[in-house]
Amino acid sequence: MLNIDKVDKVYLACGVTDLRKNIDGLSMIVQTEFKLDPFEKALFVFCNRQMNKLKILHFDDGFWLYYHRLERNKFRWPMSKEEALKVSIEELRWMLKGYEVRTISKFKPVKERNYF
């Protein structure tokens, strides 16, 4: 059963990934390159070179592989690091909507205003 509610962490694989890889290939990247456990309650997010496709690896009593493709736009994907960038689930949702995840400063809170 699909259960993302129990996910503790989200890791973005900065840079580009060959998305021809399947569950086994992506879990090997998590283990060897990032030195992380692919069996932990986390989402591991990978992006292609054109920055219009994502694959998300998730373990919950078995591996899940989510695939998301944009038709017209591109993701604003962090390219600077050669390691996994830890973000929150809320930041992942923002990124999927087209906002950029910054490595130095987190999202600034929105100032309250009165709208009439």
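Residue numbers (the working numbering): 156 to 271.
Every residue, glycine too, gets a C-beta built ideally from N, C-alpha and C.
Since this is a predicted model, take the numbers as computed values, not measurements.
Counting C-beta pairs with one atom in each stretch, the segment 244 to 256 and the segment 182 to 191 have fewer than three that are closer than 8 Å, which means they do not touch. By the criterion of a C-beta distance shorter than 8 Å, T172 is surrounded in its chain by L181, I184, F201, C202, N203 and K210, once the five residues flanking it on both sides are discounted. Around the Cβ of Y222, a 10 Å sphere holds fewer than 16 other Cβ atoms; the residue is exposed. Apart from the 5 residues on each side of it in sequence, K161 sits with its Cβ closer than 8 Å to the Cβ of K196 and D215 in its chain, given in chain order. Assignment of L167 by DSSP, reduced to helix, strand and coil, places it in the strand class.
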